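A quick write-up on the structure given underneath.
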Amino acid sequence: MTSEITLFVNPTAGRGRGARAAQPAARVFREAGFSVRTIVGEDPADAVRRVEKAVAEGTGALIAVGGDGLTGLALRAVAGTSTPLGVVAVGTGNDFGRTLGLPVRDPSAAARVAVAALTSARAREIDLGRVGDRWYGTVLASGFDSRVNDRGNRMRLPVGRFKYDLAILAELAAFAPVPYRLRLDDGPVMETEATLVAVGNGTSYGGGMRICAGARLDDGLLDVTVVGPCSRTTLLKVFPKVYRGTHLGHPVVSVHRAAKVELTAPGLTGFADGEPLGPLPLTARCVPGAVRLLA
33 MTSEITLFVN PTAGRGRGAR AAQPAARVFR EAGFSVRTIV GEDPADAVRR
83 VEKAVAEGTG ALIAVGGDGL TGLALRAVAG TSTPLGVVAV GTGNDFGRTL
133 GLPVRDPSAA ARVAVAALTS ARAREIDLGR VGDRWYGTVL ASGFDSRVND
183 RGNRMRLPVG RFKYDLAILA ELAAFAPVPY RLRLDDGPVM ETEATLVAVG
233 NGTSYGGGMR ICAGARLDDG LLDVTVVGPC SRTTLLKVFP KVYRGTHLGH
283 PVVSVHRAAK VELTAPGLTG FADGEPLGPL PLTARCVPGA VRLLA
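Sequential numbering from 33 applies to the sequence shown in this note's numbering.
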């Protein structure tokens, strides 16, 4: 493995934590004997082009320094390649890092985890979700949660998971169940009204909401959490349980597992890794061992 690694940095992640995190992370890698190259794109498309070029040229590892959005871009560059990915999670939600049990908002500790994996030549193969040509590591959200995600992403304050709590309260005003058509693998089409359908490769979104608490990153399957139609009162009771994952036992919640999930519903946009995928219908597939992770 080459001793050169690439830091992929989002300087605006976590209200500037990305820029501040790059230096201590780079210092850890240099002290371990690695040569560090830093990439900051002019925009997401430019950043992805630069990172894909670094991967094609044989960088020893790609280290994503930012939040889930930047990590999603990094996944696009390394998925299906032999280039390992490290994550220095310093964004707002950091759900990919949380799912992997990585240090969050501690760039030096996260860099040391990556260094340990690099120097011992060990990388963990994990699954990814894929929708069309888009890869994701955490959860595909649709329904009430995608609307909350959209609103939360547009809020500047407060920081962290609390903005999503406020977004939940704001979205409740227009809350209504949605008619879904859901197909798992090649099974029959299921028609149901639902508050939301979440398709998880990982366990959480929204800064620690463990919507797919039972999801595993190496089982070749996606976890599908369906929250059926319910009142605003019930939803307010169920949602706080999401942070502990205990909502899965509620009668209004059902869980399925499949390698392929087809979602159809009117007027909804799917989000994955906190970023918009596009309007439904969408088909998500689990790709086993799609990325080598330094964890």
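Idealized CB from N, CA, C, for every residue including glycine.
Remember, it's a predicted structure, so these values are computed and weren't measured experimentally.
State yes or no: is the C-beta of residue i within less than 9 Å of the C-beta of residue j?
i, j, result
"residue 172", "residue 267", "no"
"residue 41", "residue 97", "yes"
"residue 80", "residue 117", "no"
"residue 185", "residue 318", "no"
"residue 254", "residue 297", "no"
"residue 101", "residue 37", "no"
"residue 139", "residue 64", "no"
"residue 66", "residue 103", "no"
"residue 320", "residue 252", "yes"
Could you tell me the boundaries of the beta strand (DSSP E) in which residue i lies?
i, result
"residue 311", "307-311"
"residue 207", "Premise fails: residue 207 is in no beta strand (DSSP E) and is neither H nor E."
"residue 162", "156-163"
"residue 324", "314-325"
"residue 302", "301-304"
"residue 118", "117-121"
"residue 229", "228-232"
"residue 256", "254-259"
What are the boundary residues of the alpha helix (DSSP H) that residue i is part of?
i, result
"residue 184", "176-186"
"residue 76", "76-88"
"residue 139", "139-151"
"residue 292", "That residue, residue 292, is in no alpha helix (DSSP H); its beta strand (DSSP E) goes 292-296."
"residue 106", "100-110"
"residue 72", "That residue, residue 72, is in no alpha helix (DSSP H); it is neither H nor E in DSSP."
"residue 270", "264-270"
"residue 132", "127-132"
To the nearest angstrom, report how far apart residue i and residue j are at their CA atoms.
i, j, result
"residue 144", "residue 258", "38 Å"
"residue 55", "residue 70", "10 Å"
"residue 197", "residue 35", "43 Å"
"residue 60", "residue 78", "27 Å"
"residue 111", "residue 327", "16 Å"
"residue 231", "residue 220", "18 Å"
"residue 90", "residue 206", "50 Å"
"residue 309", "residue 181", "12 Å"
"residue 216", "residue 248", "18 Å"
"residue 76", "residue 148", "29 Å"
"residue 114", "residue 264", "47 Å"
"residue 162", "residue 202", "30 Å"
"residue 275", "residue 175", "18 Å"
"residue 187", "residue 311", "22 Å"
"residue 273", "residue 285", "12 Å"
"residue 238", "residue 189", "14 Å"
"residue 183", "residue 94", "31 Å"
"residue 269", "residue 250", "32 Å"
Taking 8 Å as the limit between beta carbons, can you name the residues of its chain near residue i, skipping five residues before and five after?
i, result
"residue 178", "228, 300, 301, 302 and 303"
"residue 246", "235, 255, 277, 280 and 287"
Among residues of its own chain, excluding the 5 on either side of residue i, which ones have a beta-carbon nearer than 7 Å to its beta-carbon?
i, result
"residue 130", "136, 236 and 240"
"residue 271", "200"
"residue 82", "71 and 73"
"residue 323", "107, 110, 111, 117, 158 and 160"
"residue 68", "37, 39, 58, 61 and 62"
"residue 134", "119, 121, 142, 145 and 327"
"residue 53", "97, 120, 122 and 139"
"residue 194", "none"
Can you list, in chain order, the residues of its chain with a C-beta nearer than 6 Å to that of residue i? Leave out the 5 residues immediately preceding and following it.
i, result
"residue 315", "294"
"residue 33", "Low confidence applies here, because residue 33 scores a pLDDT of 48, under 50, leaving its location unreliable and the question unanswered by this model."
"residue 261", "209 and 225"
"residue 213", "221, 223 and 296"
"residue 132", "327"
"residue 27", "For residue 27 there is no data in the structure shown, the boundaries of the chain being 33 and 327."
"residue 292", "217 and 317"
For residue i, verify whether its CB is less than 8 Å away from any heavy atom of the ligand HEM.
i, result
"residue 206", "This structure does not include the ligand HEM; it has no bound ligands of any sort."
Worksheet item: Given 8 Å as the limit, is there contact between the region 134-154 and the region 274-283, that is, 3 or more CB pairs closer than that?
Response: Under the three-pair Cβ rule at 8 Å, the region 134-154 does not count as touching the region 274-283.
Worksheet item: Per the contact definition of three or more C-beta pairs closer than 8 Å, is the region 151-160 in contact with the region 236-243?
Response: Contact between the region 236-243 and the region 151-160 is absent, because fewer than three Cβ pairs lie under 8 Å.
Fill in: Segment contact, 8 Å Cβ cut-off, at least three pairs: the region 159-169 with the region 84-98
Counting Cβ pairs under 8 Å, fewer than three are found: no touch.
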